[in-house]
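One line per chain: the protein sequences are A and B, in this order.
Okay, so the first sequence: first residue is 6 according to our numbering, each after it adds one.
Okay, so the second sequence: first residue is 575 according to our numbering, each after it adds one.
Glycine included, each C-beta is placed from N, C-alpha and C at the ideal position.
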Amino acid sequence: MEFDSVMLSRILTASTLLFHVIFATIGVGVPIMIMIAEFLGIKKNDPHYLVLARRWARGYTITVAVGVVTGTAIGLQLSLLWPSFMQFAGQVIALPLFMETFAFFFEAIFLGIYLYTWDRFKNRWAHWLLTIPVVIGSTLSAFFITSVNSFMNTPQGFDIVNGEAVNIDPLAAMFNPATPAKVFHVVMSSYMTAAFILAAIAAFALVRKKGKDYHKKALRLTMITGLIFAAGTALAGDLSAKFLAEHQPEKLAAAEWHFETESNADLLVFGTINEEGEVSNALRIPGMLSFLSGNSFDTEVIGLNEFPEDERPPLGIHYAFDIMVMIGMYSLFISGLFIVLMLFKRFNEWNKPLLWGIVASGPLAMIAIECGWILAEIGRQPWILRGIMKVDEAATTSGDVGIALAMFLLLYGVLGTFCVTVLIKMFKNRPPEAELEKRYPNGKI
Amino acid sequence: MSLEVLGISVLWIFLYGYLIVAAIDFGAGFFAYYARITKREHIMSKLISRYLSPVWEVTNVFFVFFFVGLVGFFPDTAYYLGTALLIPGSIAIILLSIRGSFYAFGNYGPSNNTFFLFLYGATGLLIPASLSTALTISEGGFLEVTDDGVVFLAKELFTSPYSWSVVTLAIVSVLYISASFLTYYAHRAEDIESRVILRKFSLFWSAPTILASLMVFVALREHNPEHFQNAIGIWWMFGLSLLFFMIATFLMYKKKMYGFSFISVMLQFFFAFFGYGASHLPYIIYPYVTITGSVVNETMGTALVIVFIAGLLLLIPSLILLMRLFLFDADYVKGKK
Ligand code: HDD
Ligand code: HEM
Ligand code: HEM
């Protein structure tokens with residue numbers, strides 16, 4: 006591997022995005038959880054849920070701040086590191102990028118209002134209503150940014166004449182073939198990840214025997230929503246795979262080490278591959294890849310050998326794919342199990358092994374997000390705009406990318422460390438029981 | 575109005591908006607830190623945090639809006655500035671990141687850490703300095719286009735009197751705008767002690783602001799005579815700016831009409847900023863990028879304008895709500911809510 010400005014730009018972009026996406030995912034997912042908790046609190050007249058919403062919102066302010074600043078970094082870095090790409094793509098895909106700033110604006114305004122008006126309205130529903138624009142704003146920004154990313158995978162809405170984009174159709178570019186499945190999957194997986202992270206926190210308090218009713222309610226709520234969102238994520242992931250089979254077969258083939266075009270293709274799980282492309286130690290599920298690609302074992306799945314060698318994505322993305330799918334299955338399993346035990350009174354859903362399993366599911370969900378993006382982005386290589394512009398044509402010619410990379414890695418290290426310590430401190434010294442006692446002394450809202 | 579003029583006007587209006595709200599925010603950070611180290615923080619910091627807490631994120635979006643819009647309307651600027659500004663741009667991003675996140679850590683977080691406040695105060699002055707270099711570079715003379723791409727002449731920038739005059743202006747303007755606004759805010763909050771201090775700040779920074787503006791003019795005449803001539807052609811804009819400056823300082827001095835005094839400060843900067851912008855045209859980056867030569871294709875441009883109008887219809891009522899709740903709600907300002 007040669008560390009030229011292209012490689013360094015890729016590493017810097019990847020670091021920024023992988024760091025940002027942690028906070029972006031929380032940013033998209035947590036508002037809906039706050040919305041549900043506050044709704045239940047008012048509806049059931051139960052202060053537990055209101056304190057839950059308040060505490061989630063308080064932690065959220067910290068992660069949003071890091072999300073906003075790292076997002077600003079990406080926005081500028083796109084121009085700084087990929088000037089030729091932005092000069093070209095700006096002609097076609099500026100629309101959703103521009104719309105995204107409005108979505109941020111909308112969300113930022115109402116988030117500011119929401120956080121500082123807890124006790125300002127006589128009617129509690131008025132405060133709850135403020136969650137709606139926040140949820141809409143953050144979900145819309147996920148939609149817009151994901152449609153830009155989709156455009157990079159399946160560009161359309163323009164023609165190229167003499168190297169220039171002409172006949173531009175901004176809406177066709179925005180609603181390209183990749184958009185529906187991708188947006189659905191990104192939004193669902195963000196909701197799901199937020200639910201499991203919040204569940205992990207509650208479960209951790211219960212394992213440590215610090216948890217009381219408050220944490221039990223929190224865990225029930227997050228497990229039920231988590232199961233729903235996990236099912237949605239799996240469904241959306243299935244749609245994504247079908248989309249790939251049809252529109253971006255080289256990505257799916259590389260992710261599945263699938264070389265020859267064939268029907269009744271096997272799904273490989275884990276394993277290793279050697280220089281000659283021989284796979285060993287993998288678990289083979291017969292016909293499953295065909296089924297994943299088109300709902301029937303007869304579906305023909307295009308193999309990697311159909312593509313010129315210099316246009317094949319790296320084979321390493323196989324592991325990212327497997328890890329993501331495994332975690333998807335695991336989350337369905339663990340939340341399903343919890344709910345089954347909860348419904349049948351004979352069992353104890355608060356047993357330690359199960360709680361530890363839930364504690365693990367939070368970080369795992371975030372790992373799945375990272376793996377998903379690694380699959381999606383590295384699976385697009387060597388293209389930056391699939392079929393039109395390669396990554397090395399797009400990168401900056403500046404010789405200073407290495408310095409910038411070092412500065413940003415340091416920045417992310419510092420931000421990450423402080424963010425975690427501040428969050429821990431914030432909640433450690435203020436147990437929810439004390440807060441309940443203080444805010445709602447007679448147990449009513 | 576042609577598309578490119580419409581586009582640049584929209585962007586310039588947003589940059590002006592950012593200039594005002596960000597200056598208030600940046601300056602407030604500095605004053606908050608200053609109050610802490612001079613042991614007067616019990617007076618001012620509550621006031622400042624009551625204003626800043628609900629709005630800092632909105633301030634940041636103004637900036638994001640500007641650069642996303644610039645790349646959208648004029649994609650060529652992405653190419654020129656992008657290649658040239660990697661290091662200065664990265665430094666600005668890092669400063670902005672530190673500022674935003676440490677504000678949140680310090681303010682929403684558990685500890686009231688002086689170090690966080692120091693970062694917050696110091697970045698408040700460094701960010702305007704580093705962002706203003708983008709405007710300096712747009713005057714030409716700091717970029718070289720070679721076969722390998724665009725090269726940024728960092729040494730020229732650091733030794734140019736023009737560049738330093740712009741940096742000075744940026745810093746003193748921030749302190750001046752911020753102090754004028756906070757005086758008004760303190761007045762509304764009936765926080766007399768803070769008002770007395772902030773009024774002094776505002777008067778203190780008024781003369782340097784005007785001196786620095788004159789310095790910029792002098793340096794511009796040397797650096798880019800063409801732009802200077804254009805500016806002379808619309809001298810009345812700068813004249814109005816000076817007039818509003820005098821009104822603002824007079825009212826501040828007489829302790830009268832703090833609100834109108836701040837509006838005059840806004841108008842002072844409005845006329846200077848738009849005079850500067852108008853005389854800068856047709857160039858975005860002298861002499862490589864003009865608004866006509868770099869404007870995005872018409873379909874996209876029209877789509878952006880439509881979205882912009884729709885967006886405003888959504889945002890203006892929301893912004894009014896935000897201001898009514900936090901800026902014009904007397905009880906909130908006084909800290910009773
Ligand atoms: C909680 C996170 C999470 C979980 C459990 C899953 N995914 Fe996923 N996946 C993502 C989070 C994610 C993501 C981060 O949201 C990605 C990255 C890019 C994208 O569009 O979504 C993604 C991408 C992605 C892609 C590539 C899409 C593209 O490049 O266009 C496929 C084929 C799948 N996923 C399929 C699945 C399947 C079959 C799953 C089985 C349950 C699954 N994912 C679970
Ligand atoms: C799945 C992908 C992504 C999601 C879900 C996402 C979501 C978010 C969220 C929720 C925020 C916080 C906004 C706020 O609260 O105001 C944010 C900030 C931001 N994101 Fe991302 N983001 C993603 C990827 C990207 C990418 C690839 C870019 C660059 C093109 C980007 C650009 C930004 C910018 C500029 C901000 C700062 C906005 C502000 O100042 O408020 N995001 N993002
Ligand atoms: C938030 C979601 C995203 C994540 C986590 C993400 C992740 C990544 C990763 C891991 C890479 C490295 C690929 C490699 O070096 O081989 C990458 C590259 C890149 N991504 Fe994405 N990406 C996201 C969305 C986007 C979007 C929406 C855009 C465009 C607006 C974008 C633009 C790029 C560019 C320009 C590169 C560098 C070129 C390349 O290597 O393909 N990404 N991203």
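Using a CB distance cut-off of 8 Å, B/L655 counts as an interface residue toward chain A. Under the 10 Å beta carbon count, A/Q82 is surrounded by 16 or more other beta carbons and is classified as buried. Around the beta carbon of A/I114, 16 or more other beta carbons lie within 10 angstroms, which makes this residue buried. At least one CB atom of chain B sits nearer than 8 Å to the CB of A/A78. With contacts defined by Cβ atoms closer than 8 Å, A/L211 and A/S340 do not form a contacting pair. Proximity of the region 138-149 of chain A to the region 29-36 of chain A meets the contact definition, three or more beta-carbon pairs being nearer than 8 Å.
A/R385 is a Cβ neighbour of A/P318, given a cutoff of 8 Å.
For A/A170, there is no enclosing alpha helix (DSSP H); the enclosing beta strand (DSSP E) has its first and last residue at 169-171. Residues of the same chain with a CB within less than 6 Å of the CB of A/F248, apart from the 5 flanking positions on each side, are A186 in chain order. The C-alpha of A/G421 is placed about 43 Å away from the C-alpha of B/L794.
For A/W388, DSSP records a beta bridge to A/K395. In this structure, DSSP gives B/D599 a helical state, which the three-state scheme calls helix. Here A/N181 has S155, F156, T159, Q161 as same chain residues with Cβ atoms under 6 Å from its own Cβ, once five neighbours each way along the sequence are excluded. Taking C-beta atoms as the reference points, B/S815 and B/F845 count as a pair closer than 8 Å. Between A/F234 and A/M193, the C-beta spacing is below 8 Å. Look at B/T864: its C-beta is not under 8 Å from any C-beta on chain A. Bounds of the beta strand (DSSP E) holding A/R289 are 288-290. Excluding five sequence positions before and after A/D51, none of the CB atoms of its chain fall closer than 6 Å to its own CB. CA-CA distance, B/V740 to B/T710, rounds to 7 Å. Using a 10 angstroms sphere on the CB of A/A439, the tally of other CB atoms stays under 16, which defines it as exposed.
Taking one beta carbon from each stretch, the region 218-225 of chain A and the region 42-57 of chain A have 3 or more pairs nearer than 8 Å; the two touch. Counting along the chain, the unbroken beta strand (DSSP E) around B/F726 starts and ends at 723-726. The C-alpha of B/V719 lies about 6 Å from the C-alpha of B/V725. For B/E796, the enclosing alpha helix (DSSP H) covers residues 766-797. Residue range 164-166 is occupied by the beta strand (DSSP E) that includes A/V166. The way I'd put it, the region 165-181 of chain A doesn't touch the region 321-331 of chain A; fewer than three beta-carbon pairs between them come closer than 8 Å.
Contacts between B/I668 and chain A, judged by CB atoms closer than 9 Å, involve A78, M412, F413, L415, L416 in chain order.
Pairing B/G885 with A/F107, the inter-Cα distance amounts to about 6 Å. For B/G715, no CB of chain A lies under 8 Å from its own CB, so it is not counted at the interface with that chain.
Minimum Cα-Cα distance from A/T122 among the listed residues A/G142, A/R351, A/R63, A/F296 corresponds to A/R63.
Under the criterion of beta carbons closer than 8 Å, B/N798 and B/G714 qualify as touching, at roughly 6 Å.
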